[in-house]
Amino acid sequence: MSDWHDELESINQQAEALDYGDARTALREQAVRLADHHQDLDAAFATRIDFIDDATFSGHSEKALVAFAWCEGQCKRDPARFDESRIGWSSKHVIENVLDHVQIPRAQIDRVLADFEARWQRLGYSMRVVHMIRLSFAEHYGTETKPHAEAWLAAKRDAMSHCRACEVDILIGHCADTEQHERAFEVAAPILERRMSCAEVPHRTYAKLLPSALALGRLDDAATLHRKGYRLLRTGNLQQHIAEHMLYCARIGRAARALDIFEEHLPRVLARRDAGTRVRFLLAAGAVLRLLPPSRKTTLKLRLPAEVPVACVDGQVERAALHAWVQQEADALVTRFDARNGTDRFARMAASHAALDLVSASSG
Amino acid sequence: MQQQRFQVDLRGLITLLSDHLYSTPQVFVRELLQNGIDAITARRKLEPAHQGSVTVELVAQDHGAAPALIVQDDGIGLEEAQVHELLATIGQSSKRGVPERDGESYIGQFGIGLLSCFVVAEEILVRSRALSGAPGVEWLGRQDGTYSVRTLSDAGPVGTSVYLRARKGSEELFEPERLRELLVHYGGLLPHPVRFASGGHTQLINEVPPWLAKHGSHSEARAAWLAYGQAVFGQPFLDVIPLRADAGKVSGLAFVLSTTPSPAARRVHRVYLKRMLLSEQAEGLLPDWAFFVRCVINADALRPTASRETFYDDELLEQTRDELGAALRNWLMRLATEDPERLRRLVQVHGLSIKALALHEDEMLRLFAPFLPFETTFGAMTLADYLREQRVVRYVASLDEFRQVARVARAQGLCVINGGYVYDAELLASLPRAYADVQVERVDPGELSQSFGDLSVDEREAVHGFLQRARKQLAPHSVSVDIKHFRPSDVPAVYGAGEKALGGRDLERAKQAASDLWSSMLDDLSGGVDPDQASLCLNIDCPLVARLIELDHDELEALALETLYVQTLLMAQQPLSARELDVLNRGLLGLIEHAVSKRYDA
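The listed protein sequences derive, respectively, from chains A and B. Using my numbering, read the first sequence as starting at 1 and increasing by one per residue. Using my numbering, read the second sequence as starting at 1001 and increasing by one per residue.
(1) In or out: B/Ala1060 buried (at least 16 other Cβ within 10 Å) or exposed?
(2) With 7 Å as the threshold, decide whether the Cβ of A/Glu371 is near any Cβ in chain B.
(3) Round the Cβ separation of B/Leu1189 and B/Pro1209 to the nearest angstrom and send it over; I've been treating them as touching at under 8 Å.
(4) Counting Cβ pairs, one atom from each stretch, are 3 or more of them under 8 Å apart for the region 1456-1469 of chain B and the region 1507-1519 of chain B?
(5) Please decide whether A/Ala258 counts as near chain B, where near means a Cβ-Cβ distance under 7 Å.
(6) What's the C-alpha gap between A/Thr25 and B/Val1349?
(7) Count the other C-beta atoms from every protein chain shown that fall within 10 angstroms of the C-beta of B/Asp1239, then say buried if there are 16 or more, exposed otherwise.
(8) Using a Cβ-Cβ cutoff of 7 Å, what residues of the region 80-109 of chain A are near chain B? List them in chain order.
(9) Since B/Glu1138 sits in a beta bridge, which residues does DSSP pair it with?
(10) On the DSSP letters alone, give me the boundaries of the alpha helix (DSSP H) that A/Phe346 sits inside.
(11) Would you mind listing the alpha helix (DSSP H) stretches within the region 1454-1480 of chain B that are 4+ residues and don't spill past its ends, in chain order?
(12) Does the contact criterion of 3 or more C-beta pairs under 8 Å hold for the region 72-80 of chain A versus the region 50-59 of chain A?
(13) Looking at the structure shown, is B/Tyr1395 part of a helix, part of a strand, or coil, going by DSSP?
(14) By Cβ distance below 7 Å, which residues in the same chain neighbour B/Leu1114 in space, the five residues on each side in sequence not counted?
(15) Starting from B/Ile1070, trace the beta strand (DSSP E) in both directions and tell me its first and last residue.
(16) Quick one: any contact between the region 1229-1249 of chain B and the region 1321-1331 of chain B, if contact means 3 or more CB pairs under 8 Å?
(17) Counting only runs that start and end within the region 1154-1187 of chain B, where is the beta strand (DSSP E) found for 3 or more residues in a row?
(18) Which full runs of the beta strand (DSSP E) of 3+ residues lie inside the region 1221-1280 of chain B, going along the chain?
(19) If you check the beta carbons only, do B/Leu1253 and B/Trp1211 fall under 7 Å apart?
(20) Give the residues from the region 1496-1520 of chain B that approach chain A closer than 9 Å (Cβ to any Cβ), ordered along the chain.
(21) Report the option in A/Ala207, A/Thr178, A/Ala351 and A/Leu135 whose CA atom is closest to the CA atom of A/Ile191.
(22) State the Cα-Cα distance for the pair B/Gly1351 and A/Ala189, rounded to the nearest angstrom.
(23) Exposed or buried, which one is B/Arg1096 when buried takes at least 16 other CB atoms within 10 Å?
(24) Can you find the residues in the same chain that come closer than 6 Å, C-beta to C-beta, to A/Trp325, ignoring five residues on each side of it along the sequence?
(25) Which stretch, first to last residue, makes up the alpha helix (DSSP H) that contains A/Arg122?
(26) Would you give the residue range spanned by the alpha helix (DSSP H) that A/Glu167 belongs to?
(27) Quick check: B/Ala1068 and B/Arg1165, are their CB atoms within less than 7 Å of each other?
(28) Could you tell me the distance, in whole angstroms, from the CA atom of A/His93 to the CA atom of A/Asp338?
(29) Evaluate B/Gly1052 with the Cβ neighbour count: other Cβ atoms within 10 Å of its Cβ, from every protein chain shown; 16 or more gives buried, anything less gives exposed.
(30) Report yes if the CB atom of B/Arg1270 is closer than 7 Å to the CB atom of B/Glu1280, and no otherwise.
(31) Using a 10 Å radius around the Cβ and a threshold of 16 neighbouring Cβ atoms, would you call B/Arg1275 buried or exposed?
(32) For the region 1365-1398 of chain B, list every residue whose C-beta sits within 9 Å of some C-beta in chain A, in sequence order.
(33) When the cut-off is 7 Å and only beta carbons count, does A/Thr277 lie next to chain B?
(34) Buried or exposed: which applies to B/Gln1468, given that a residue is buried once 16 or more other Cβ atoms fall within 10 Å of its Cβ?
(35) Reducing DSSP to helix, strand and coil, say where B/Phe1486 ends up.
(36) Taking the alpha carbon of A/Phe185 as the point to measure from, which residue in A/Glu329, A/Ala222, A/Asn341 and A/Phe116 has its own alpha carbon closest?
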């Protein structure tokens, strides 16, 4: 075994010892480049398969996509050496996040989804995953979700299905999306009782249930969901779910905490390349700033990342200017997503954010 | 004597308990001790002067009969009415499936505790005399669900005795040495004396928790605690930190691991509830960043879960976690001012944990930054060392970038930090949050050449035509070309590519390998925006470059330029794309051919 194989092994071990995050992604990226440098196709393939997982769970789905494209190409070119089944699992990660990249046109996404479905059929897997992905696409587009949800739950589970905790979590999202709030809580029972969990559940589940808890006036439950859920998300990579916690705090009148969350997570959201996370965060931030209690001060003390073009003097930011920037960025992304999707789901989402009000303790 | 039947399906309940509630049958030892201690606590509420003790006696049986156990306490005792209440508790437990202990009466808890004994015993005999002076009572319960109760006529001491006979298959738990271990395991820190009698010997099982014991001096305490930690966890520790939290009424010791743990490893601790061992696998007691310690902790006010093997994740636990985190932080802060040498040793082993912590907490960043070790173009140094020499903190964000710049930066006298190690780049970027006066600059390898020496006007005149040709020649590789003065003069050229340019190279390699569908996906992903250009800076001080400029042979110049470009990529350990490999092959062959034909011409 040559020196560089040892080095590769050592980098991989270091990466695997870390939680998902920038550090782990950077290490594995280094491993991929090392394998490429030495033109070892087998090592480059295997390392990329691991890298796709790392990048996906670390909030770098664009990097996962690049690595996947390379692997898919190898499978096509030399199917005897690189069996297509080796990219089955990775292809789920890639397809699930593709919509978050607003620059990818709808027609291209349709082709990729068809390609995914064809692969699933070729490999003889249950169509359960395909229906589940169609459901999540329909939720993203704001089109009819019911048939996909039914087909998903009717299809049989197999080894390529998402884990049970993830499936239940997705079902909760579907319930919330269709305003079946009571049912969302019923479905969530095994997760809330910790009889089911995985790397990302219950982390994202708590966030998904927050709007339902508020809609039902279950404020005590909401407080628990926030307390347990935010801690799990705070240092992780699931920035796309931070928005719900920030919004929850603003809506129950914990404005200062909402601003803390905004300040802490804005840099990491802006550092991400996927517009999907950004638009959700900024829509929520717009509502947070709108719902701030009235004050004689026109400024807020905030530390903003350099890419925010709002003047910051002695750590003070003009409240109106910040709000205007957040709103403008969010609106621009809403327009782009709707234009790409050919639907009005993001405009509707923006309108519902604009209509959100404080939750009074007496409601529900 | 009345023969009665409980209104419960005991067998089903026992199966439920052993399969679902308790992780191991040995917890019956804990439950018996707990019953005794609870009874003493209840009695001390009425008679504060009462000391109270528990005796566990093992009665080995001859002629092959199963061994038996007697657990005796001098606590508050039971009246007959309470014995019936106890049975009601057992009945209730069965109806609800999983017994809840929290907030229930002593009697209720006693009942549930007894249940666990059925996992190891065929029958249980309880004899008790209450402090109230009521007549003594005896209860005999059997696994088949029958029981009998009778009143005792003889006057005995106040308190309760429980007699168990080992069930077939459970004898192992009744062996003297095994039982003693279990008693120490669960009850080693209990607040009232626990004695174990076996084979004519009696010994004390428990001691005062080391962190509550009196020590002559601080260093004496530290030595004693470290020895205790080693005994408990079977490994030596680097240091020990006393912990306290008012929330949950928690106290204990945190032992600093002497080797670097994996940050992803589970952080499990040994926890006691009211000084009874609750779990050796407790999680969630300390903040996530505290993965460099293992703790022994006693909580007097946290809520255990039904299985009594961990704590409920409620608000109180959260407050406790915050307070314990604060205790760790304060200790570290004191160390920084009082004993920097010890802190330095700690940072050596736990740099990674500390970096993870500093990343999310500005206060920690301020405190630890000076102690953190970094790799620089001038070797390893702490940030404090670095700042003694440098006014601006310069770093590159990845190992790839460091490889590109290290040699040349060193030659220019530039001290650049390698931010490619875990957390380093993120940490350095956040330095200004903690130190308002420290300037931090991320070095983009593509811009490193801007600090090199400019050409004179005459030199510029001389290389102008060559430079234009070089730019045109290398344009297909998305690289900008420049000529400057820099050291060392044996380096003909440096390649500079920042994070975005490297990402662009990754994308390009993927595109060349990808199928049509995915290749066009990648075009969409990059959104038509050209990636940042990498740069190639030729060194006019290098004799090879000087000769190349004067070559006056277009074909050879083109070959040499392209080959030099790819060779520079290789020096920077960059993976080559298919096109670059092709260039390398053509270039090498062309140069060889030229060299060979030249020799024959001559």
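Glycine included, C-beta positions come from ideal geometry on N, C-alpha and C.
The structure says:
(1) exposed
(2) The question about residue 371 of chain A has no answer here: the residues shown for chain A are numbered 1 through 364.
(3) 5 Å
(4) no
(5) no
(6) 23 Å
(7) buried
(8) His101, Gln103, Ile104, Pro105 and Gln108
(9) B/Arg1127 and B/Arg1150
(10) Arg345 to Ala355
(11) 1457-1474
(12) no
(13) strand
(14) Ile1124
(15) Ala1068 to Asp1073
(16) yes
(17) 1159-1166
(18) 1237-1245, 1250-1257 and 1269-1273
(19) yes
(20) Leu1502, Gly1503, Arg1505, Asp1506, Leu1507, Arg1509, Ala1510, Lys1511, Gln1512, Ala1513, Ala1514, Ser1515, Leu1517, Trp1518, Ser1519 and Ser1520
(21) A/Ala207
(22) 40 Å
(23) Residue confidence for B/Arg1096 is low, a pLDDT of 45 falling below 50, so the modelled location carries little weight; the figure read from the coordinates is stated next. Counting Cβ neighbours within 10 Å, B/Arg1096 comes out exposed, since fewer than 16 surround it.
(24) Val310
(25) Arg106 to Arg122
(26) Arg164 to Asp177
(27) yes
(28) 23 Å
(29) buried
(30) yes
(31) buried
(32) Ala1397 and Ser1398
(33) no
(34) exposed
(35) coil
(36) A/Ala222
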